[in-house]
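Enquirer:
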Amino acid sequence: MVSKDDLQTALKEKYGINKNISQALDKAECERLLDLLATEPSAVKLAKSFAEKNSSLGRNNAYYGGLRSQAEKKLEKLKVEYQELEESIAQIETSTVALESRKRQLELEQQQLELEIQNLAVRNSSLETTVSKLASEKEELVEVNDELKKENKALKNIIDEIRLKLTINLKKMLQLEDSEIRKALAKLFKSTQG
0 MVSKDDLQTA LKEKYGINKN ISQALDKAEC ERLLDLLATE PSAVKLAKSF
50 AEKNSSLGRN NAYYGGLRSQ AEKKLEKLKV EYQELEESIA QIETSTVALE
100 SRKRQLELEQ QQLELEIQNL AVRNSSLETT VSKLASEKEE LVEVNDELKK
150 ENKALKNIID EIRLKLTINL KKMLQLEDSE IRKALAKLFK STQG
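Numbered continuously in numbering that gives the first Met the number 0, the sequence shown closes out at residue 193.
1) How should residue 125 be labelled, buried or exposed, when 16 other C-beta atoms within 10 angstroms of its C-beta is the threshold for buried?
2) Helix, strand or coil: how does DSSP classify residue 0 here?
3) Does the contact criterion of 3 or more C-beta pairs under 8 Å hold for the region 43 to 55 versus the region 15 to 23?
4) By a C-beta neighbour count over all protein chains shown, 10 Å radius and 16 as the cutoff for buried, is residue 84 buried or exposed?
5) When the Cα atoms are used, what is the spatial distance from residue 217 to residue 182?
6) I want to know whether the region 34 to 49 touches the region 60 to 75 - three or more CB-CB distances under 8 Å.
7) To the nearest angstrom, how far is the alpha carbon of residue 58 from that of residue 94?
8) Confirm the yes/no value for this check: CB of residue 34, any heavy atom of the ligand HEM, distance under 7 Å.
9) Go ahead and pull the three-state DSSP assignment for residue 25.
10) Should residue 6 go down as buried or exposed, given a rule of 16 or more other Cβ atoms within 10 Å for buried?
11) Do residue 70 and residue 33 have their C-beta atoms within less than 8 Å of each other?
12) Of the residues 12, 25, 11, which one's Cα is nearest the Cα of residue 3?
13) Whole angstroms is fine: what's the gap from residue 109's alpha carbon to residue 119's?
14) Would you mind working out which of 189, 138, 22 sits nearest residue 161, comparing C-alpha positions?
15) Tell me the rounded alpha-carbon separation between residue 178 and residue 172.
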């Protein structure tokens with residue numbers, strides 16, 4: 000007894016009818032189709048036309064299936080690239096925000112440094128004025144000190160002279176009698192008064 004599979008194989012080999020087409024038929028229908036094709040040349044022609052069309056459609060399906068597969072792969076690749084670009088853009092935006100924040104911070108620091116430089120320049124100018132004033136005062140003090148040294152030297156000479164006169168006069172007084180000592184002391188007193 001012949002099986003359905005054997006009948007499908009016969010349809011494929013003799014008339015080019017693929018098993019996927021004959022799969023819908025039961026065993027009895029496969030037998031009747033084989034009998035019909037054996038007796039009717041127009042049915043054979045029709046079956047071959049269907050088989051060729053089916054083969055062409057199969058090739059087209061395979062071709063377009065391959066194209067679809069390639070397109071799906073490209074689409075997946077593009078989706079991955081798009082996602083990577085989205086992530087990259089997000090990172091760049093985050094970096095941009097961080098850089099803008101750092102830029103503002105540096106600008107603020109620069110302003111603070113410029114203000115500090117201005118303050119230091121004002122302070123430096125004030126210190127230069129103070130140094131100039133102190134230098135001028137130092138010169139005046141040196142002049143006054145030199146003058147005082149001269150005056151001190153003159154006073155010392157006067158005092159030395161007074162001491163010398165006093166010593167001489169005391170020595171003379173020691174040689175005099177009491178009344179003469181009083182007169183000499185009065186004279187000495189007057190000389191010390193000016």
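Backbone N, C-alpha and C fix where the C-beta goes; we use that ideal spot for every residue, glycine too.
Please read all numbers here as calculations on a predicted model, not as lab measurements.
Expert: Checking against the coordinates, here is how it stands:
1) exposed
2) coil
3) yes
4) exposed
5) Lying outside 0 to 193, the shown extent of the chain, residue 217 is not represented and no answer is given.
6) no
7) 53 Å
8) In the structure on display, the ligand HEM does not appear, and there are no ligands present to speak of.
9) coil
10) buried
11) no
12) 25
13) 15 Å
14) 189
15) 10 Å
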